[in-house]
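Residue 233 in the working numbering sits at position 222 of the sequence shown, with consecutive numbering throughout.
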Amino acid sequence: MKYAIQYSATKDIVEYTISVLKTLIANNGHELVSDPNDADIIAVSVCDVSQVTFLEKVRMQYPNKKIAVGGHATIYYKLFALFADYVNIGQGFEFFECQSIDEIESLPSVWVSAFPKEKLYPSTRIDWGKVPVANVTKGQTYYWGAVGCKNKCTFCMTSWTNPHQKNARARVDRVLSKYKTCTIVSNDSDDVASRMTQSIMLKDFIRVPLKKYSVYRMGLEFATEEMRRKYGKPFSDDEFAYAIRRAIDEGVRLKLFCISGLNSIEEWGRFFDRMPDVYVQGRIDVKFTNIAYEMFAPIKRERHNLDVDKLMDTTRATEFILPIKERVWPLRYMPCSGREFCVHRNILMWSSARDEYEQWRLLKNATLGQLAGYYFGSGILENDYSDTVVIDHALAGIK
Ligand code: SF4
Numbered sequence: 012m013k014y015a016i017q018y019s020a021t022k023d024i025v026e027y028t029i030s031v032l033k034t035l036i037a038n039n040g041h042e043l044v045s046d047p048n049d050a051d052i053i054a055v056s057v058c059d060v061s062q063v064t065f066l067e068k069v070r071m072q073y074p075n076k077k078i079a080v081g082g083h084a085t086i087y088y089k090l091f092a093l094f095a096d097y098v099n100i101g102q103g104f105e106f107f108e109c110q111s112i113d114e115i116e117s118l119p120s121v122w123v124s125a126f127p128k129e130k131l132y133p134s135t136r137i138d139w140g141k142v143p144v145a146n147v148t149k150g151q152t153y154y155w156g157a158v159g160c161k162n163k164c165t166f167c168m169t170s171w172t173n174p175h176q177k178n179a180r181a182r183v184d185r186v187l188s189k190y191k192t193c194t195i196v197s198n199d200s201d202d203v204a205s206r207m208t209q210s211i212m213l214k215d216f217i218r219v220p221l222k223k224y225s226v227y228r229m230g231l232e233f234a235t236e237e238m239r240r241k242y243g244k245p246f247s248d249d250e251f252a253y254a255i256r257r258a259i260d261e262g263v264r265l266k267l268f269c270i271s272g273l274n275s276i277e278e279w280g281r282f283f284d285r286m287p288d289v290y291v292q293g294r295i296d297v298k299f300t301n302i303a304y305e306m307f308a309p310i311k312r313e314r315h316n317l318d319v320d321k322l323m324d325t326t327r328a329t330e331f332i333l334p335i336k337e338r339v340w341p342l343r344y345m346p347c348s349g350r351e352f353c354v355h356r357n358i359l360m361w362s363s364a365r366d367e368y369e370q371w372r373l374l375k376n377a378t379l380g381q382l383a384g385y386y387f388g389s390g391i392l393e394n395d396y397s398d399t400v401v402i403d404h405a406l407a408g409i410k
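Structural data, given as structure tokens:
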């Protein structure tokens with residue numbers, strides 16, 4: 012079949028997904044065409060619910076073409092189904108193996124507009140031997156080391172919607188010996204010492220050998236020990252203080268990620284008080300990201316508790332960080348999207364019908380009060396369709 016690929020974002024990781032798509036198209040004997048008008052199917056890749064607006068544009072541009080959507084965000088399939096003929100949930104290996112429309116339509120992972128299925132079964136098969144090393148930007152290659160995640164943070168969709176699967180060690184080693192600076196894409200903390208930028212959990216950071224000048228990205232997530240335990244990423248305040256000391260002593264750089272919206276500013280203040288006084292060049296970045304009540308993660312149970320007073324924005328976060336920075340000099344603040352953006356995004360995640368989508372668009376420039384009013388009063392929070400996606404792997408089962 013003839014495929015054309017469309018995608019909106021230009022981030023490296025999206026480019027990587029596109030290169031996997033191109034490989035799957037070529038490996039399965041399909042043709043990749045540059046003009047969507049020549050394609051049998053326009054394949055649209057999405058990694059975030061907000062890209063539904065891009066999909067809408069593709070639909071408007073090619074109203075009579077068959078459009079198939081795939082990618083991480085398609086688990087919110089009812090949203091993407093508004094503008095697509097097919098929505099594939101999970102991996103794409105089985106999808107691109109199909110040699111006809113009939114085969115695509117019979118896949119259990121594919122929602123079909125002509126006859127919507129009551130239940131969908133995400134595709135979890137990965138043909139590791141066919142995963143390409145992607146040359147994303149000049150001199151920078153990426154390769155899948157693992158998908159999913161061993162941890163089960165209750166606010167993160169990753170481990171609840173994807174089984175944790177690892178590439179073979181020997182295959183990864185072969186890639187690393189050929190492409191010395193290749194980034195191995197993975198949520199695991201293995202091989203920490205071999206990469207310059209590494210996502211790592213704090214509980215691992217304080218015990219593994221560190222590599223000088225490397226950047227370690229850590230999700231601190233919440234301000235109190237109780238909350239970190241509750242949501243699945245436990246570490247003590249003492250361990251946090253030790254991690255900061257260790258980073259400074261060993262000359263590594265930290266990027267710390269915090270989820271705002273559940274803790275009060277006072278709780279955040281007490282948490283950051285645990286940072287030791289220090290004066291070195293900027294090495295610790297802090298970023299707040301406001302809470303997302305994902306429909307496919309256990310955090311969804313708390314969606315009715317959204318508290319706009321606890322959300323951060325750049326102004327609030329700057330006011331919070333500046334006094335701490337006076338005694339912890341390496342601290343640097345990374346911008347935070349606004350409180351309105353957070354509520355608007357949560358509205359989109361819980362929208363599933365066309366009129367709800369249109370309403371979400373109309374709310375683009377609404378005030379925080381208007382957004383909160385719609386979020387709580389419109390009924391969208393009752394749209395939970397997560398039980399129509401049958402997630403069948405060891406980590407599944409939101410209680
Ligand atoms: S937040 Fe990080 S550690 Fe937790 S499940 Fe998601 S990817 Fe894994």
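Where is the CB? At the ideal position from N, CA and C, for every residue including glycine.
Query: For leucine 273, name the three-state secondary structure that DSSP assigns.; Result: coil
Query: Among residues of its own chain, excluding the 5 on either side of leucine 374, which ones have a beta-carbon nearer than 8 Å to its beta-carbon?; Result: His355, Ile358, Gln381, Leu382, Tyr385
Query: Suppose the cutoff is 8 Å on Cβ atoms and the five residues either side in sequence are ignored; what does the same chain contact list for tyrosine 73 look like?; Result: Pro47, Asn48, Ile53
Query: For lysine 13, which residues does DSSP report across the bridge?; Result: Glu42
Query: Just curious, the beta strand (DSSP E) that glutamine 151 is in, first and last residue?; Result: 151-155
Query: Alanine 79 bridges to which residues according to DSSP?; Result: Ala54, Tyr97
Query: CB arginine 152 to CB valine 142, shorter than 8 Å?; Result: For the record, residue 152 in the displayed sequence is threonine; it is not arginine. No, they are not a contact pair.
Query: Using CA coordinates, which residue listed in Lys189, Ile211, Asp324, Val158 is at the minimum distance from isoleucine 276?; Result: Asp324
Query: Quick one: is threonine 208 buried, meaning 16 or more other Cβ sit within 10 Å of its Cβ, or exposed?; Result: exposed
Query: Any heavy atom of the ligand SF4 closer than 7 Å to the CB of threonine 169?; Result: yes
Query: Helix, strand or coil: which one does DSSP assign to arginine 264?; Result: strand
Query: Are there three or more Cβ pairs, one per stretch, closer than 8 Å when the segment 299-318 is compared with the segment 247-265?; Result: no
Query: Please report the straight-line C-alpha distance between phenylalanine 94 and valine 291, rounded to a whole angstrom.; Result: 52 Å
Query: For serine 170, report the span of its alpha helix (DSSP H) as first-last.; Result: 169-172
Query: Quick one: is serine 362 buried, meaning 16 or more other Cβ sit within 10 Å of its Cβ, or exposed?; Result: buried
Query: Across which residues does DSSP place isoleucine 295 in a beta bridge pair?; Result: Leu265, Leu342
Query: By the three-class DSSP mapping on this structure, what secondary structure does aspartate 139 have?; Result: Before going further, note that residue 139 is tryptophan rather than aspartate in the sequence given. Three-state DSSP puts tryptophan 139 in a helix.
Query: Do the segment 327-343 and the segment 284-304 make contact, defined as three or more Cβ pairs closer than 8 Å?; Result: yes
Query: Quick one: what's got a C-beta closer than 8 Å to glutamate 42's C-beta in the same chain, skipping five residues either side?; Result: Met12, Lys13, Tyr14, Ile36
Query: Return yes when at least one heavy atom of the ligand SF4 lies under 7 Å from the C-beta of methionine 212, else no.; Result: yes
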